[in-house]
Amino acid sequence: MFQAIVFLPLLGFLIAAAIAIVGARTLHPGGYPGPDDDHHAEPHGSGAPSVHGAHAAVAVSHDEHSHGAHGAHGSAHAHDHHAVEPAAPGSRAAEVVTTTLLFVCMALSWIAFARVGFGGAEVREAIAPWILSGDLKVEWALRIDALTSVMLVVVTTVSALVHLYSIGYMVDDPDRPRFFGYLSLFTFAMLMLVTADNLVQLFFGWEGVGLASYLLIGFWYKKPSACAAAIKAFVVNRVGDFGFMLGIFAVFVMTQAVDFDTVFAQAPSLVGKTMHFLSWDLDALTVICLLLFMGAMGKSAQFLLHTWLPDAMEGPTPVSALIHAATMVTAGVFMVARLSPLFELSPTALAFVTFIGATTALFAATIGLVQNDIKRIIAYSTCSQLGYMFVAMGVGAYSVGMFHLFTHAFFKALLFLGSGSVIVAMHHEQDIRMMGGLRKKIPFTFYMMVVGTLALTGFPLTAGYFSKDAIIEAAFASEHAGHNPMAMYGFVCTVVAAALTAFYSWRLIFKTFYGRPHDHHHYEAAHESPLPMLIPLAVLAAGSFLAGLPFVDAFTGHGAKEFFRGSVVISGILDEMHHIPATVAYLPTVMMVGGFLVAWLFYIKSPSIPRALAKGLKPIYLFLLNKWYFDELYDAIFVRPAMWLGRTLWKRGDGTIIDGLGPDGVSARVIDVTRNVVRLQTGYLYHYAFAMLIGVSALATWFMIWGAR
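Residue numbers (UniProt numbering): 1 to 709.
The following block contains the structure:
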């Protein structure tokens, strides 16, 4: 059963890939069309402005911005009026096969969740030997414990619903087999990651997720912004992956093993050991954990390595839902939870994890306040919520962090897929300033988005209420117990972020679904999405409620130790959470209500207030709108110097040294000499006679001068 869960998506990918190849050859016998052809393979293109274009457009408040400035959207979406290329043969088969296989995986995953999580039937299935080189022994094996079962449910459920949703969303795309193949490949890589029994296998899935995300973000490869976003995601993640790889090397050096059981058994013996680096002796466990967490920072888009996540919105909306809710960004959180026996032994590393998580939670929330792209607002909320999860990991409440990962998957997928329904209704418009009043046109989508927003903001009895509040309580309990010097910082940041989350979430709802429509043409044509897009919304809305209360005890209560059975460290922080003051317990709810009221005041009661604030606090507004200028900073520090260095090496190194003095230069000089010698052979007889005369004269002169001596 467990091997079927992992490998059925791979089978779906292979089938869809075969269909895509055959279909492409059928449609294009002379070769696939190039990027300069008239065909537009982006029926749901975002039309979002580039980073630099956004900077030029922010001179005016986001709420007072003249709607005439958005005339460019018409041209940005002109492709919607072009004739749609016919779908590749077998497109329907690819959709049905991949979606069916994912629903089978989902059903099996829920069975595994019940058997393993609540039944205690943990399994390790060996598949095949892999690497045997000296002390390095690596075996392909599936590790199915409670932690894995939670991730199996999250990954397969969201992926299956995204597959179903994509049948309606991608209906006009001629490359559907390729798209569904990539989705299944993405799912397989994530399943390989979460079922890994050793660090090498985990790294294989880790890199597979990165590759699949690159393919999906850049799916509309004729769209320059999508290609740039895919490359950016790939490169930024390589920075984190470099640290992750060094961490794996360090683990092997210190333990002579990479399988989890052996590494965890030897972890206590690493306490107090040092690693010599240059002239420093560094604590081995701290170095290992920080390097491993560097990988999590990249994959989960944490502060400093977060810049790829908003740009990933250039991919199709179902991809955004899959990346942000179930795969890729959750990989970093899972990895820290899986390696909790190591992190628990390094207080310094845990403090750093708390600091990065808390900073990310607050930082991303501030940016979300002023964004206008509906998908980017939700993307920054993902970044912020991932920060919450890492705060939980940092204060030692690993099961609480996994609880938020579990609940977050449902309401975040709901919000992304709901935003896709809005985008389709608005003729692929993503700017919320161009929306308004849509609750009357797409009421079902409106109610589903409200459910997702309630869960995201932590409204009582929703799934997010139980998990997010538990993280805040864990941070306070950790500070009260003196376990983590950064716990109070984490508590303050998460409490403030709770208010900001409520504000920008309801801002999105109010500007999208309330008020008067700003684009009457698209508003009048708006309608609900097809049934394959609405069914996943209903299922995820149910999960946004049902994923909370029934699982509270298993993740955050006295049943956590029995549920996880050693798959993550269960510290005493869970007991201390139940003894915090009532004022602390109610504080997140108070902040949530405050954020809602401010959003209602700004965008329903008195819409002139945000315009006045944007004018009066223009530097702050531009600072937030431009995402704290991290893209510009990295461009100045890394991108431009790298391009200058490359250009210099090309012109001076390759051009001057290699082409001028090196092997190419020598061959060029030989060619020049040969060319000059060839010029002496003109083919004219009088030239040769003249040369002979000169030779005879020179010889006679030599004899006359030197022979006389």
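Ideal Cβ positions, reconstructed from N, Cα and C, are used throughout, including at glycine.
- Exclusion of the five residues before and after Lys232 leaves Thr307, Trp308 and Asp311 as the residues of its chain whose Cβ lies within less than 8 angstroms of its Cβ.
- Excluding its 5 nearest sequence neighbours in each direction, Ala257 has C-beta neighbours in its own chain below 6 angstroms: Val263, listed in chain order.
- Secondary-structure assignment with DSSP links Ala228 through no beta bridge to anything.
- DSSP lists no beta-bridge partner residue for Leu699.
- In the DSSP assignment, Arg143 falls within the beta strand (DSSP E) that extends over Leu136 to Ile144.
- Our two residues, Gly210 and Ser184, have alpha carbons roughly 14 angstroms apart in a direct line.
- Listed in chain order, the non-local C-beta contacts of Ala94 below 8 angstroms within the same chain comprise Ile15, Ala16, Ile19, Ala20, Arg176, Pro177, Phe180 and Gly181, local neighbours out to five positions each way being set aside.
- When the Cα atoms are used, Glu576 and Asn372 turn out to be separated by approximately 41 angstroms.
- For Ser279, there is no enclosing beta strand (DSSP E), since its DSSP letter is neither H nor E.
- In summary, Gln681 is exposed, with fewer than 16 beta-carbon neighbours lying within 10 Å of its beta-carbon over all protein chains present.
- In this structure, Asp631 is the residue among Asp631, Leu661 and Ser667 with its C-alpha nearest to the C-alpha of Ala229.
- Of the candidates Pro443, Ala541 and Ala668, Pro443 places its Cα closest to the Cα of Phe513.
- Residue pairing for Glu125: DSSP places it in a beta bridge opposite Leu142.
- Short of 7 angstroms from the beta carbon of Ala526, and not among the five residues preceding or following it, lie these beta carbons of its own chain, in chain order: Ala425, Met426, Leu438, Lys441 and Ile442.
- Restricted to the region 319-370, the alpha helix (DSSP H) segments that are unbroken, complete and at least 4 residues in length are 329-338, 340-343 and 347-368, listed in chain order.
- Using a Cβ distance threshold of 7 angstroms, Thr99 and Leu164 count as a contacting pair.
- The C-alpha of Ala554 lies about 30 angstroms from the C-alpha of Leu285.
- Straight-line spacing of the CA atoms in Ala114 and Phe343 works out to 28 angstroms.
- In terms of Cβ geometry, Val116 and Ala146 form a close pair [threshold 7 angstroms].
- In the DSSP assignment, the residues bridged to Leu132 are Lys137.
- Ala196 has Leu142 as its beta-bridge partners, per DSSP.
- Comparing alpha carbon positions, the residue from Leu304, Phe293, Ile378 and Glu314 closest to Leu350 is Phe293.
- Per the coordinates, the alpha-carbon of Leu108 lies some 10 angstroms from the alpha-carbon of Val6.
- Partner residues in the beta bridge of Asp373, as assigned by DSSP, are Asp431.
- The C-alpha of Gln302 lies about 11 angstroms from the C-alpha of Val333.
- Of Ser421, Trp506, Leu617 and Phe118, the smallest CA-CA separation from Leu456 is found for Trp506.
- Distance from the CA atom of His404 to the CA atom of Ala560, rounded to whole angstroms, is 14 angstroms.
- If you look at Glu95, you'll find it in the alpha helix (DSSP H) that goes Ser91 to Ala112.
- Pairing Val138 with Leu191 gives a Cβ-Cβ distance that is not under 7 angstroms.
- Scanning its chain for C-beta atoms nearer than 8 angstroms, with the 5 sequence neighbours on each side dropped, one finds around Leu531 the residues Gly168, in chain order.
- Under the three-state reduction of DSSP output, Asp173 falls in the coil class, being neither helix nor strand.
- Annotation for Pro610: the continuous alpha helix (DSSP H) segment containing it runs Ser608 to Gly616.
- Rounded to whole angstroms, the gap between the alpha carbons of Ala698 and Gly665 is 36 angstroms.
- Secondary structure note for Gly683: it is in no alpha helix (DSSP H), with a DSSP letter that is neither H nor E.
- Leu574 is the residue among Val569, Leu574 and Gly655 whose C-alpha sits nearest the C-alpha of Thr556.
- Look at Asp519 here: in three-state DSSP terms it is coil, with no helix or strand label.
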